[in-house]
Amino acid sequence: MKSVPLTQELFDYIEKISVPDDPLCKELLAETLRLEIPMIQISTDQARFLYLLTKMINAKHALEIGTLAGYSGIHIARGLQPGGMLTTVDINPAHSSAASGFFAKAGLEDKVDVITSPALDHMQKLVADGKKFDLIFIDADKTGYHNYYNEALKLSHPGTVILFDNMLKAGNVIDMSMSDPDLDAVREMNELLSKDNRIECLLMTIGDGMTICLVR
Ligand SMILES: C[S@@+](CC[C@H](N)C(=O)[O-])C[C@H]1O[C@@H](n2cnc3c(N)ncnc32)[C@H](O)[C@@H]1O
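Here my numbering is used: the first residue of the sequence shown is 2, the next is one more, and so on.
1. Please state the DSSP three-state secondary structure of valine 187.
2. Cutting at 6 Å between CB atoms, please list the residues of its own chain near isoleucine 75, excluding the five before and the five after it.
3. Which of the three DSSP states is assigned to isoleucine 116 in this structure?
4. Just to confirm, does threonine 68 get its C-beta within under 7 Å of one of the non-hydrogen atoms of ligand 1?
5. Once you ignore the five residues that flank valine 124 on each side, which residues in its own chain have a CB closer than 6 Å to its CB?
6. So, is tyrosine 150 buried or exposed, given that buried needs 16 or more other C-beta atoms within 10 angstroms?
7. Could you have a look at glycine 160 and say whether DSSP puts it in helix, strand or coil?
8. With a threshold of 16 other CB atoms inside 10 Å of the CB of glycine 84, please say whether the residue is buried or exposed.
9. Measuring only the C-alpha atoms, how far is proline 21 from proline 94?
10. Does the Cβ-Cβ distance between serine 157 and phenylalanine 134 come in under 8 Å?
11. Following a CB-centred definition, is histidine 147 positioned closer than 7 Å to any heavy atom of ligand 1?
12. Assign valine 128 to one of three DSSP states: helix, strand, or coil.
13. Report whether the distance from the Cβ of serine 101 to the nearest heavy atom of ligand 1 is below 7 Å.
14. Checking the sheet assignment: what are the DSSP bridge partners for methionine 86?
15. Which whole runs of the beta strand (DSSP E) in the stretch 10-84 are 3 residues long or more, in chain order?
16. Have a look at Asn173, Val216, Leu164 and flag the residue whose alpha-carbon is nearest the alpha-carbon of alanine 48.
17. Along the chain, where does the alpha helix (DSSP H) that runs through glutamate 152 open and close?
18. Assess, as a yes-or-no matter, whether the stretch 205-213 is touched by the stretch 166-175 under the definition of 3 or more beta carbon pairs within less than 8 Å.
19. Quick one: is the Cβ of isoleucine 137 within less than 7 Å of any heavy atom of ligand 1?
20. Report the residue from Pro159, Asn148, Ile77, Ala105 whose alpha carbon sits nearest the alpha carbon of threonine 55.
See below:
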């Protein structure tokens, strides 16, 4: 095996040397906990990765499926080109409301459009409106991933980057004695993405497993 197994100490080291201190995001995480919003946001290194990736590809239009309290969204929005816009969609109004507050606190209110809606409905509306995005981050209900992927492709141009979170499901993807709708949906997506020649992709061992796809 070429990868280094990740211990807590090694993760702390990576975080120390490559994730800048971010008091606003620390406050966001503390507030997420206080509001009893589930602590299911991406990890700090994934957030840093999303910020850098958004910048590296010069993204101007980004779409996020699954806002929660805005942790990942803040990182994407901060990486956008001047005049850029993140559209972020969540079904839960309490999550959208908390996120809107934090986008404003981060000075990003003009860069983020927070939509409260079932993701598929809003994606279909964006397709009908002829919208295209440079980066699409999918991080909501796993059983919806297949549908979100189909819509994401319609919202893409050659070069669009589509990302999916939780593609390792705590490592359970390879334990075939386990089965539940979310896990099975992730396994199905992993298989589908690996065979889909409309994209090129890599399942990365960051956070709970993040698949990065480049649309051809
Ligand atoms: C894992 S959290 C998103 C975390 C966020 N991306 C972050 O890292 O800060 C998943 C979110 O998806 C939302 N969600 C679940 N089902 C949804 C659906 N059908 N449509 C839109 N959002 C949905 C949940 O309300 C929850 O806020």
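Where a beta carbon is used, it is the ideal one built from N, C-alpha and C, also for glycine.
Predicted model only: the values in this text are computed from it and were never measured.
In terms of the structure at hand:
1. helix
2. Ala107
3. strand
4. yes
5. Reading off the sequence, residue 124 comes out as methionine, not valine. So the list reads Glu152, once near-sequence residues are dropped.
6. buried
7. strand
8. exposed
9. 30 Å
10. yes
11. no
12. helix
13. no
14. His62
15. 62-66
16. Leu164
17. 146-155
18. yes
19. no
20. Ile77
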